Amino acid sequence: MRTALIVGNWKMNKTASEAAAFVHELAKRLPASSSVELVVAPPFTALESVRAALGPSSPIQLGAQNLFWEDHGAYTGEVSAPMLRDLGCRYVILGHSERRTLFGEQDDGIHKKIRAALTHGLRPILCVGESLAQRESGKTDGALTQQLKGSLAGLAPQAMAAIVIAYEPVWAIGTGRAATTEQAVAAHRTIREFLAGTWSPAIAKAARILYGGSVTPQNIESLLQSDQIDGALIGGACLQIDSFATIASVAGSLGV
Ligand code: 13P
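Final position of the sequence shown in our numbering is 528; the numbers increase by one with none missing.
Here it is as structure tokens:
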């Protein structure tokens, strides 16, 4: 059975001190044990303060929002996988649609980032998703398959075990217009079919696929009730303690 995963992507929000105060409070609101894995992905500048605030035995794990594929060198402004690993990161979000649209990231660069993450023991959370225009012209499956192929092709079966995929339709991000459970399930099936065809049915079955895009305490239950949806990648709703804690406890109570 796949362990459910709830990831809070804070995007460019919270200073280091705000972030530390936030997780300190959040930790108090979570049950002592849960069947769900919880991850927060603060900005780079807050990773150290969040790690210190969580302490060594926290059930909340640390993730980053991006990395650069080289280990070190003359790459002004970039942060590498070994740097993130050294700060205690376990996960890294890669290929987010904001990185693709605002910063010109493409599948070949995302592929290099995935390889760098895997080399240094970070679990990539690869984001894929169609635009509204692609959905409305019936190109959702093609868009998803192309992104998956471009960023994952050539990875060994063992590498696939560490990879989480997040289906984030671009039109649902930050819009308050989440995909319906049916739309999300259909996309997750497409992703699993790609994994089965490219690697094996066993890899497709074991892969954790999250949904992201306007997830709230109100819609999380319906989304997680499908056995195709293994968790959520959350933006806006993870910036408030109440809504993050509620989402975590709903996911925990469903035992997905
Ligand atoms: P929202 O939950 O704010 O729609 O953001 C989703 C997202 O982009 C998470 O990576």
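Heads up, the beta-carbon is just placed ideally off N, CA and C, and yes, glycines get one too.
The structure displayed is predicted, hence computed values, not measured ones.
Of the residues the options, the one placed nearest residue i, counting alpha carbons only
i	options	result
G455	G410, A434, L511, W471	One detail in the question is off: residue 455 reads as Gln in this sequence, not Gly. The candidate whose alpha carbon is nearest that of Q455 is G410.
S486	A444, A415, T275	A444
A554	L511, G508, Y363, D502	The requested residue 554 is not part of the displayed model; the chain covers only 273 to 528.
I386	S329, L366, V400, I475	L366
G349	N338, R357, L359, T447	N338
A479	P396, A353, T488	P396
G360	A346, S330, R371	S330
A474	Q430, M284, Q333	Q430
G507	S498, D499, Y483, V436	Y483
R323	V295, G401, K477	V295
N281	S525, F516, L427	F516
R357	R449, T373, F340	F340
L424	L404, C399, P354	C399
I519	M284, S306, K283, H383	S306
A380	Q406, M355, Q418, L374	Reading off the sequence shown, one finds Asp at residue 380, where the question assumed Ala. That would be Q418, whose Cα lies nearest to the Cα of D380.
A450	P315, L404, L277, G422	L404
E402	T317, A388, S321, T373	T373
A434	L390, Q490, K421	L390
R461	T447, K300, S472, Q500	Q500
L511	A313, Q490, T275	A313
A490	A509, P315, R274	Reading off the sequence, residue 490 comes out as Gln, not Ala. Of A509, P315, R274, the residue nearest in Cα terms is A509.
I332	K421, L277, N285	L277
A293	R371, G414, T447, A325	A325
Simplified DSSP state of residue i, which is helix, strand or coil
i	result
Q333	strand
R449	coil
H495	Before going on, a small fix: residue 495 reads as Leu here, not His. Looking at L495 - three-state DSSP - the assignment turns out to be helix.
I513	helix
L390	helix
E309	strand
I506	strand
V522	helix
P531	In the structure as shown, the chain begins at 273 and stops at 528. Residue 531 is therefore absent and cannot be evaluated.
I435	coil
I365	strand
I278	strand
P555	With the chain running from 273 to 528 in the structure shown, residue 555 is simply not present.
S352	strand
G360	coil
I481	strand
Cβ separation of residue i and residue j, assumed to be a contact under 8 Å, to the nearest whole Å
i	j	result
L394	Y363	7 Å
V351	G335	Actually they do not touch by this definition, with Cβ atoms about 13 Å apart.
I463	L416	6 Å
V279	L505	5 Å
I513	L298	5 Å
S498	T453	6 Å
P354	D343	5 Å
V457	S369	V457 to S369, Cβ: 20 Å. No contact.
A459	Y439	5 Å
I529	I437	Past the boundaries of the shown model lies residue 529; the chain is included only from 273 to 528, so the question cannot be answered.
Sequence-ordered residues whose beta carbon comes within less than 6 Å of a heavy atom of ligand 1
Taken from the N-terminal end onward, the list reads N281, H368, E440, I445, G446, G484, G485, S486, V487, L505, I506, G507, G508, A509.
Would you be able to state if there are at least three C-beta pairs under 8 Å between the stretch 287-305 and the stretch 484-500?
They do not touch, by the three-pair rule.
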